[in-house]
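Student:
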Amino acid sequence: MSSRERRSTADSQARARDRSLLEGLRRGEDEAFRALVDANTGPMLAVARRFLRNEDDARDAVQDAYLSAFRSIDRFEGDALLSTWLHRIVVNACLMRLRTRRRRPETSIEDLLPGFLENGRLAVSQSAKRDRADHVLEARQQRALVTDAIDRLPDIYRTVLILRDIEGFDTEQTAGVLELSVPAVKTRLHRARQALKELLDRQVFDRLEAAKNQDSAPLVQTAEEVDHEMP
Numbered sequence: 003m004s005s006r007e008r009r010s011t012a013d014s015q016a017r018a019r020d021r022s023l024l025e026g027l028r029r030g031e032d033e034a035f036r037a038l039v040d041a042n043t044g045p046m047l048a049v050a051r052r053f054l055r056n057e058d059d060a061r062d063a064v065q066d067a068y069l070s071a072f073r074s075i076d077r078f079e080g081d082a083l084l085s086t087w088l089h090r091i092v093v094n095a096c097l098m099r100l101r102t103r104r105r106r107p108e109t110s111i112e113d114l115l116p117g118f119l120e121n122g123r124l125a126v127s128q129s130a131k132r133d134r135a136d137h138v139l140e141a142r143q144q145r146a147l148v149t150d151a152i153d154r155l156p157d158i159y160r161t162v163l164i165l166r167d168i169e170g171f172d173t174e175q176t177a178g179v180l181e182l183s184v185p186a187v188k189t190r191l192h193r194a195r196q197a198l199k200e201l202l203d204r205q206v207f208d209r210l211e212a213a214k215n216q217d218s219a220p221l222v223q224t225a226e227e228v229d230h231e232m233p
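Position in the sequence shown (first residue = 1) + 2 = my numbering.
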């Protein structure tokens, strides 16, 4: 069986499971609701955490998404998998929270972009540090750096970046969801990527400096001890 045939078979099986589950949901069966929640809460929570930087907010968004899904289950036509449908709903729930929650003072995107001197050169450039970073940071640390950097972006830029680069929305879909023009999405995405790159460069440099200081600390301590022991 070819890979295409295997994918087709898996898709057919998933749709058959969805049809059975959907029938149970529409009949109000508790077992069907539990099955839906058990299968989808993890992925939905992962999506919500990417949008909302607070764990409680993320869990509330997932709950909002389930309530919305259960209320509209009779209108679900089955043109997509249930998991895909729930993904769209939780994204919308997160965006709604971002729009309506009380705004906090945020860092300006300008403060996160690279700075330039009058002669056009970068005021701070860490590009030379990247090769060394590969030898210092493990994969888990790198993921933590990226997550932290994305979390520091202002909401209007972070949301565009997440939709386009993480959730896989195209430019037109992103514009529709956020009620923005296509040029505005492209501009925000470009600036978000620039700011993310600069933040990652800074964090990698800080980690390198911290690692270097840790490596030198025992030598300094030893030298001081030797100095005290000398007559």
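Every residue, glycine too, gets a C-beta built ideally from N, C-alpha and C.
Just so you know, these numbers come straight off a predicted model, no measurement behind them.
Answer yes or no: do glycine 195 and tyrosine 159 have a C-beta to C-beta separation smaller than 7 Å?
Tutor: Per the sequence presented here, residue 195 reads as arginine, with glycine not at that position. No, Cβ-Cβ distance for arginine 195 and tyrosine 159 is not below 7 Å.
Student: For a test of the three-state rule: what should DSSP assign to arginine 99, helix, strand or coil?
Tutor: Helix, per DSSP.
Student: Quick check: alanine 63 and arginine 99, are their CB atoms within less than 7 Å of each other?
Tutor: Yes, they are a contact pair.
Student: Quick one: any contact between the stretch 67-87 and the stretch 15-30, if contact means 3 or more CB pairs under 8 Å?
Tutor: Contact between the stretch 67-87 and the stretch 15-30 is present, because at least three Cβ pairs lie under 8 Å.
Student: Compute the Euclidean distance between the alpha carbons of lysine 188 and glutamate 31, then round it to the nearest angstrom.
Tutor: If you take the alpha carbons of lysine 188 and glutamate 31, they lie about 45 Å apart.
Student: Verify whether the separation of the beta carbon atoms of valine 92 and alanine 67 is less than 7 Å.
Tutor: Yes.
Student: What residues in its chain sit with their C-beta under 8 Å from that of alanine 186, if we drop five residues either side in the sequence?
Tutor: Once the five neighbours on either side are set aside, the close Cβ partners of alanine 186 are Ala177.
Student: Apart from the five residues just before and just after isoleucine 164, which ones in its own chain have a Cβ nearer than 8 Å to its Cβ?
Tutor: Counting only Cβ-Cβ distances below 8 Å, and skipping sequence neighbours, we find Arg52, Phe53, Ile152.
Student: Report all residues from its chain with a CB closer than 7 Å to the CB of phenylalanine 35; omit the five preceding and five following residues, and keep chain order.
Tutor: Leu27, listed in sequence order.
Student: Mind checking which residues open and close the alpha helix (DSSP H) that includes phenylalanine 78?
Tutor: Phenylalanine 78 -> no alpha helix (DSSP H), and no H or E assigned at all.
Student: On the criterion of 16 or more Cβ atoms from any shown chain inside 10 Å, does leucine 180 qualify as buried, or is it exposed?
Tutor: By the neighbour-count rule (16 or more Cβ atoms within 10 Å), leucine 180 is buried.
Student: Note down the Cα distance separating aspartate 40 from leucine 47, rounded to an integer number of angstroms.
Tutor: Aspartate 40 and leucine 47: Cα-Cα distance of roughly 12 Å.
Student: What is the DSSP secondary structure of arginine 145, reduced to helix, strand or coil?
Tutor: If DSSP states are grouped into helix, strand and coil, arginine 145 belongs with the helices.
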